[in-house]
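Colleague: With positions in the sequence shown counted from 1, the corresponding number in the numbering used here is that position plus 8.
Positions of the beta carbon are idealized from the N, C-alpha and C atoms, including for glycine.
All values derive from a computational prediction rather than experimental measurement.
Following this message is one structure expressed as structure tokens.
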Amino acid sequence: MQSWIPLVPESASTVSSKVDAIYFYLSGVTLFFTLLISAILVFFVVRYRRRSPYEIPRPIAGSHKLETLWTIIPFVIAMTIFGWSARVYFEQYRPPQNAMEVYVVGKQWMWKIQHSTGQREINELHVPVGRKIKLIMTTEDVIHDFFVPAFRMKADVVPGKYTTEWFEATKTGTYHLFCAEYCGMNHSGMIGQVIVMEPREFDNWLTGNLSNTTPAVAGQQLFQSLGCVSCHGANGEGGRGPTLAGLYGKQTRLAGGETVVADESYLRESILNPQAKLVEGFGPIMPTFQGQVSEDQVMQLLAFIKSLQVTNPQQSAPAASPTSTRATTQATPRPNPK
Ligand code: CUA
Numbered sequence: 009m010q011s012w013i014p015l016v017p018e019s020a021s022t023v024s025s026k027v028d029a030i031y032f033y034l035s036g037v038t039l040f041f042t043l044l045i046s047a048i049l050v051f052f053v054v055r056y057r058r059r060s061p062y063e064i065p066r067p068i069a070g071s072h073k074l075e076t077l078w079t080i081i082p083f084v085i086a087m088t089i090f091g092w093s094a095r096v097y098f099e100q101y102r103p104p105q106n107a108m109e110v111y112v113v114g115k116q117w118m119w120k121i122q123h124s125t126g127q128r129e130i131n132e133l134h135v136p137v138g139r140k141i142k143l144i145m146t147t148e149d150v151i152h153d154f155f156v157p158a159f160r161m162k163a164d165v166v167p168g169k170y171t172t173e174w175f176e177a178t179k180t181g182t183y184h185l186f187c188a189e190y191c192g193m194n195h196s197g198m199i200g201q202v203i204v205m206e207p208r209e210f211d212n213w214l215t216g217n218l219s220n221t222t223p224a225v226a227g228q229q230l231f232q233s234l235g236c237v238s239c240h241g242a243n244g245e246g247g248r249g250p251t252l253a254g255l256y257g258k259q260t261r262l263a264g265g266e267t268v269v270a271d272e273s274y275l276r277e278s279i280l281n282p283q284a285k286l287v288e289g290f291g292p293i294m295p296t297f298q299g300q301v302s303e304d305q306v307m308q309l310l311a312f313i314k315s316l317q318v319t320n321p322q323q324s325a326p327a328a329s330p331t332s333t334r335a336t337t338q339a340t341p342r343p344n345p346k
């Protein structure tokens, strides 16, 4: 939108003009009051200057009317800023259901990225134009911050949790990716680029960078090698442990009676610290996997759990054979959990 203003970085996502609008509103409000107050200041200096050395000014008793006025006006202005920014923030913070998912792991000092189709990249992110992209981000060490100025997208990536953000690029091109949180010696070198391509070009790029294992398949292998299968079943059908098939995105009842949405953060916590939120009806028998799996592997397990669909919601007993490779069909769209 405002590409003619040299102070503003290029605008290349659906949200960037909204962020710019808030920015210009803030600048406008600031400029208006700076000018207004400066003008009043000059006016008062001249108007109420001391006219004779013996002049004694009339004392000021105060005015409730004035005080109310200069409390209410700034309050209303501050609330417009708050309400407006909160709306844009929540819009950016809540990824749409149909977004394409990309996993991002920050690490001193690089960005490791994996697409749900398996392709891996370092310090580069290839995406198609006009498509909603959801980033599921975490870090292996300290806090980093994923910042793409052209998309007006900036989010802290914090150890021990997932940050999700989404964007939709509106223009093809190559855009800067920065780490915007001081993270040690080579923080300034933790840079990369986001390459926005035409959808067909992107498909070519995907097939040209074929990877043998998707995160979901790698997750399935981990699921077996770590022994998760013995309690959760080979296809997440459950047993001594809660059912995992169809779990992602659903409301889950906990032992304490409260419910949580089984999102990425909940699943991650339940892998690394299973006692934190016990599912109703299950004992604290699951061992922790803290320190035994890397962030990459947690993301793979997550991709596998997401890929598990409910085969027969009525009776989930002997549904699938243990050799089922349903995880490989991860690319097919999952029905929206509502
Ligand atoms: Cu990573 Cu600064």
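Taking Cys187 as part of the beta strand (DSSP E), name the residues at either end of that continuous run.
Modeller: Numbered from its first residue, the sequence shown carries residue 187 at position 179. Note, Cys187: beta strand (DSSP E), 181-187.
Colleague: Under the rule that 16 or more other beta-carbon atoms within 10 Å means buried, what is Gln323, buried or exposed?
Modeller: If you number the sequence shown from 1, residue 323 lands on position 315. Residue confidence for Gln323 is low, a pLDDT of 42 falling below 50, so the modelled location carries little weight and cannot support an answer.
Colleague: Please report how far the alpha carbon of Lys120 lies from the alpha carbon of Lys162, in whole angstroms.
Modeller: Residue 120 sits at position 112 when you count from the first residue of the sequence shown. Residue 162 sits at position 154 when you count from the first residue of the sequence shown. Computed Cα separation, rounded: 17 Å.
Colleague: Hey, could you find the ends of the alpha helix (DSSP H) Val49 is sitting in?
Modeller: Stepping through the sequence shown from its first residue, residue 49 is reached at position 41. Reading off the sequence, residue 49 comes out as Leu, not Val. Counting along the chain, the alpha helix (DSSP H) containing Leu49 begins and ends at 24-55.
Colleague: Mind checking whether the beta-carbon of Ala188 lies closer than 8 Å to any heavy atom of the ligand MG?
Modeller: What this structure holds is the ligand CUA, not the ligand MG.
Colleague: Using only the alpha-carbon positions, how far apart do Val237 and Lys314 sit?
Modeller: Working through the sequence shown from its first residue, we reach residue 237 at position 229. Working through the sequence shown from its first residue, we reach residue 314 at position 306. Rounded to the nearest angstrom, the two C-alpha atoms are 16 Å apart.
Colleague: Measure the alpha-carbon distance for Leu4 versus Thr38 and round it to whole angstroms.
Modeller: Residue 4 lies beyond the residue range present for the chain, which begins at 9 and ends at 346; the question has no answer from this structure.
Colleague: Pick helix, strand or coil for Met193, following the three-state DSSP scheme.
Modeller: What you label residue 193 is simply residue 185 of the sequence shown in a count that begins at 1. Three-state DSSP puts Met193 in coil, outside helix and strand.
Colleague: Among Glu129, Lys140, Cys187, Val166, which one has its Cα closest to the Cα of Val156?
Modeller: For the purposes of this step, residue 156 is taken as the residue at position 148 of the sequence shown. Closest option to Val156, Cα to Cα, is Cys187.
Colleague: So what does Gln317 bridge to, in DSSP terms?
Modeller: Position 309 of the sequence shown, counted from the start, is the residue given in the question as residue 317. Paired residue(s): none; Gln317 is not in a bridge.
Colleague: Helix, strand or coil: how does DSSP classify Thr97 here?
Modeller: In the sequence shown, the residue the question calls residue 97 occupies position 89. It is worth fixing the name first, because residue 97 is Tyr in this sequence and not Thr. In this structure, Tyr97 counts as helix in the three-state DSSP scheme.
Colleague: In three-state DSSP terms, what is Gln128?
Modeller: Taking the sequence shown and counting its residues from 1, the one referred to as residue 128 is at position 120. For the sequence presented, residue 128 should be read as Arg rather than Gln. Strand, per DSSP.
Colleague: By alpha-carbon positions, which one of Glu266, Glu63, Arg160, Thr22 ends up nearest to His184?
Modeller: Here residue 184 refers to the residue found at position 176 when the sequence shown is read from its first residue. Selected option, being the one with the closest Cα: Arg160.
Colleague: With distances taken Cα to Cα, identify the nearest neighbour of Leu280 among Val269, Ala263, Pro104, Gln300.
Modeller: Taking the first residue of the sequence shown as position 1, residue 280 is located at position 272. It is Gln300 whose Cα lies nearest to the Cα of Leu280.
Colleague: Do Gly289 and Ala263 have their beta-carbon atoms positioned less than 9 Å apart in this structure?
Modeller: Here the question's residue 263 lines up with position 255 in the sequence shown. Here the question's residue 289 lines up with position 281 in the sequence shown. Closer than 9 Å, so yes.
Colleague: With DSSP run on the structure shown, which of helix, strand or coil describes Arg261?
Modeller: As a position in the sequence shown, residue 261 is number 253, starting the count at 1. Of the three classes helix, strand and coil, the one that applies to Arg261 here is strand, per DSSP.
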